[in-house]
Amino acid sequence: MEQAQEIERSIIKKYRKEIWCKFTKAIRDYELIQENDKIMICISGGKDSFLMAKCFQEIKKHGKLHFEAKFVVMNPGYTNEHLNLIINNSKTLGVPIEVFNSDIFPSLDVMNAKSPCYMCARIRRGHLYNKAQELGCNKIALGHHFDDVIETNLLSMLYGAEIKTMMPKLHSENFQGLELIRPMYYIKEHDIVAWSKYNNLTFLNCACKMTKENIDEEKSKRKEIKKLIDDLRKVNPYIEYNIFKSMENINLTQILGYKKDNYKYYFLDDYNDHD
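Here the sequence shown is numbered in our numbering, starting from 93 and rising by one per residue.
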């Protein structure tokens, strides 16, 4: 328990600027938590989601809002070794987890999907929403961080031919009354890595055998985007911030078109109205 307290102090003290302040800022800026929320904290076993869990514990202790937190681990078919690592980390960190099984990995093996990471994410999301409803939660929290956001921005532009970002929160289309939130939105990955190394913690990386045996297309593209950002950073140290801010600084008078719901606007639709 003493180690868990030291880990908690490192979030509030040593990494206050890099982690704690950014966590609380995202919650304030995007209004991620409301009074009497019941939030399911989704823990994959990796560094991001475990840090998120600790931050939720801290804000519950020190924050002004009253809310309930459920710390949940979905087991998609981990080996005993991987599952034990998650359970042992939860004990070290002092996070009271509930594990439930979904058997996603065997299903992906049968499907022989070309992009197993994409399919896994979609199937996982459905299981998580179902579990949240079972627990009576109105929100689920995922551990996506700042780097995930800006990489998604560029992936959408360069490979999806659209401008689209990873939102800090969104309503579920298929599960009424459920909302997804991303409170790690401002936190940079290298600070999460630094925090885990400082506390001598070892977390689970992707444990899916399919991504070990095959190079998943989505993962390959994301690695490519990571390298692109690294290269651009050498030329412009503000490149990450600029990519991030571009998603809230879109000038609608200087774009060819946009989509909203079922409506598609093209700039020629009212171009002659200015004559």
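Each residue gets a CB set at the ideal place from its N, CA and C atoms; glycine is no exception. Computed from a predicted structure; not experimentally measured.
Asked                                                                                                 : Found
Length at least 4, wholly inside the stretch 140 to 202: the alpha helix (DSSP H) runs in chain order : 172 to 185
Proximity winner among F359, M339 and E100, relative to I347 (alpha-carbon distances)                 : F359
I215 to I321 span [Cα, whole Å]                                                                       : 29 Å
Among L124, E340, K139 and H237, nearest to H263 - alpha-carbon criterion                             : L124
Residue from Y330, F192, E226 and P188 whose Cα sits closest to the Cα of F142                        : P188
Span of the alpha helix (DSSP H) around C113                                                          : C113 to D121
Reduced DSSP secondary structure (H/G/I, E/B, other) of I138                                          : The amino acid at residue 138 is misidentified as Ile; the sequence shows Gly. Correct three-state label for G138: coil.
First through last residue of the alpha helix (DSSP H) which encompasses A96                          : E94 to I104
Given E271 as reference, the closest of S338, C229 and I317 once Cα atoms are compared                : C229
P260 beta carbon less than 8 Å from that of Y350                                                      : no
Spatial distance of G235 from K319 (CA atoms)                                                         : 22 Å
In DSSP terms, what I133 is bridged to                                                                : F163 and A233
Where G349 sits in the DSSP three-state scheme                                                        : strand
Contact under 8 Å by Cβ, I135 with A161                                                               : no
Short Cβ contact (8 Å threshold) for N167 with L175                                                   : yes
Alpha-carbon spacing of L247 relative to E316, whole angstroms                                        : 9 Å
Per-residue DSSP class, three states only, for I273                                                   : strand
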